[in-house]
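Before any comments, here is the structure.
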Amino acid sequence: MKKIFVFVIMSVSIISAQSAYEFLRLETSPRAAAVAGSFVANNDDPNVMFYNPAGINLLQGTPVSFSFLKHLEDVNSASLAGSKDFEGIGKLAAAIQYISYGTFTKADAQGNNLGEFSAGDMAITLGYGNQLDENFYYGANVKFIYSKISDVSSSAAAIDLGLHYAIPSSKWNFGFSVLNLGGQLSSYFDTKEELPLDVRVGFSKQLENLPLKFFWSFNKINEDQEKFLNHFAQITFGGEFRLGQSLRLRFGYDNEKRKELKTGSSAGLAGFNLGVGFIVKGYNVDYAFSSLGFIGAMHRFGVSTNL
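So for the sequence shown, our numbering puts the first residue at 151; every next one is plus one.
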């Protein structure tokens with residue numbers, strides 16, 4: 151029953167938001183999740199392609215990353231991302247995201263058991279990044295999205311666009327991205343649904359006298375608001391402490407999740423995120439904890455390396 155409740159809650163949130171494929175908003179890696187998804191100005195992680203494809207061009211070597219998310223009940227998600235530099239062309243990246251909502255019991259109007267069915271979503275993304283001038287970068291993704299519930303399905307196509315400006319001397323990075331710009335190819339319903347369009351702008355800064363990298367992002371600034379400043383009301387921020395050569399400690403905060411998950415007068419730890427990373431023989435092993443308040447928590451695990 152609890153699993154059904156979780157699936158219904160996720161479905162209702164999709165419908166109320168009047169957009170499909172809300173799984174595209176999930177954080178894709180434990181490092182990104184630990185800093186609350188404030189990755190629009192990241193410059194050193196292959197998962198940046200999910201937040202700003204312009205960041206692809208700043209990646210060094212041939213990085214690859216695998217992540218796994220343990221959601222509530224039997225809801226699980228995984229992603230795989232990587233990039234490679236092609237001389238004379240630019241840097242290309244590829245990724246796949248998948249989420250399984252588990253299996254459910256199918257019944258008719260009289261409550262008779264008709265067997266079981268499963269539900270899941272998937273997205274395949276190809277990205278490209280290049281350089282406009284010494285410190286200015288651009289990038290774009292194309293993605294195919296597929297969703298299935300029992301024996302019915304829907305699909306969509308979308309693009310992501312991004313810009314990144316770096317100031318290496320002071321270790322500032324600024325990012326701007328438009329995510330999930332596209333439409334459905336086929337729908338579950340008679341009318342086609344909107345995709346979860348998200349326009350983001352943010353920055354990251356490596357502090358001079360502390361082993362801390364700070365991230366900040368304004369999200370969903372494209373959504374309708376009565377006042378102009380309200381376009382910048384949905385914020386996420388976080389930080390990463392680099393302790394020695396092999397240990398990373400991370401934190402993050404999402405003010406929208408905290409508001410959405412507030413129950414009565416308290417939200418518990420909803421919106422807060424914590425993470426830790428270890429570097430072992432060239433492999434980055436990461437974990438993140440994301441609180442959903444009194445509902446529970448999400449646990450993410452990931453491994454990345456440079457081939």
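Beta carbons: idealized from backbone N, C-alpha and C, even for Gly.
Check	Outcome
What is the DSSP secondary structure of phenylalanine 173, reduced to helix, strand or coil?	helix
Taking asparagine 226 as part of the beta strand (DSSP E), name the residues at either end of that continuous run.	226 to 236
Assign tyrosine 287 to one of two classes, buried (16 or more other C-beta atoms within 10 Å of its C-beta) or exposed (fewer than that).	buried
Find the nearest neighbour of glutamate 284 within the set Tyr315, Lys298 and Lys293, judged by alpha-carbon distance.	Tyr315
Once the 5 residues before and after glycine 312 are set aside, which same chain residues still bring their CB inside 6 Å of it?	Asn202, Pro203, Ala204, Gly289 and Ser327
Taking just the CA atoms, how far does leucine 360 sit from alanine 307?	43 Å
Count the C-beta pairs between the region 217 to 229 and the region 254 to 263 that are closer than 8 Å, then say yes if the count reaches three, no if not.	no
Within a Cβ cutoff of 6 Å, which residues of the same chain sit near isoleucine 445, ignoring the five residues on either side of it in sequence?	none
What would DSSP say about valine 190, mapped onto helix, strand or coil?	coil
So what's phenylalanine 339 in DSSP terms, helix, strand or just coil?	coil
Is aspartate 195 near the ligand PLP, going by C-beta to nearest heavy atom under 7 Å?	Judged by which ligands are present, the structure shown has none, so any question about the ligand PLP falls away.
Valine 426 and tyrosine 437 - do their beta-carbons sit closer together than 8 Å?	yes
On the DSSP bridge list, what partners appear for lysine 355?	Trp322 and Phe364
Based on the DSSP secondary-structure assignment, which residues constitute the bridge partners of leucine 329?	Asp348
Quick check: the region 348 to 365 against the region 219 to 226, are at least 3 beta-carbon pairs closer than 8 Å?	no
Just tell me which of Leu411, Asp310, Ser215 and Glu373 has its CA closest to the CA of glycine 277.	Asp310
Could you check which residue in Leu457, Val351 and Gly270 has the C-alpha nearest to that of glycine 187?	Val351
Below 8 Å on the Cβ atoms is my guess for asparagine 423 versus alanine 183; work out the distance and round it to an integer in Å.	6 Å
What span of residues does the beta strand (DSSP E) with lysine 256 cover, start to end?	240 to 257
Could you give the first and the last residue of the continuous beta strand (DSSP E) run that contains alanine 316?	302 to 317
With lysine 321 and glycine 333 assumed to form a contact (beta carbons below 8 Å), what rounded beta-carbon distance in angstroms separates them?	Contact doesn't hold; Cβ gap of about 39 Å is too wide.
For asparagine 263, which residues in the same chain have their Cβ closer than 8 Å to its Cβ, ignoring the five residues on either side in sequence?	Thr255, Lys256 and Ala257
Could you give the first and the last residue of the continuous beta strand (DSSP E) run that contains asparagine 291?	286 to 299
To the nearest angstrom, report how far apart asparagine 456 and serine 179 are at their CA atoms.	16 Å
Could you work out which residue in Gln375, Glu390 and Gly389 is closest to alanine 383 when comparing CA atoms only?	Gln375
By the DSSP assignment, the alpha helix (DSSP H) with serine 409 in it spans what residues?	Correcting the residue type first, residue 409 is lysine in the shown sequence and not serine. Note, lysine 409: alpha helix (DSSP H), 405 to 410.
Whole-angstrom Cβ separation of serine 104 and aspartate 271, contact assumed at under 8 Å?	In the structure displayed, the chain extends from 151 to 457; residue 104 sits before or after that span and is not available.
Classify glycine 270 as helix, strand or coil using the three-state DSSP reduction.	strand
Tell me which same chain residues have a C-beta within less than 6 Å of the C-beta of leucine 362, skipping the five on either side of it?	Gly389 and Phe391
May I ask you to list the residues that DSSP assigns as paired with aspartate 436?	Gly427 and Gly452
Is DSSP giving valine 214 helix, strand or coil here?	strand
So glycine 389 is in the beta strand (DSSP E); what residue range does that whole segment cover?	385 to 393
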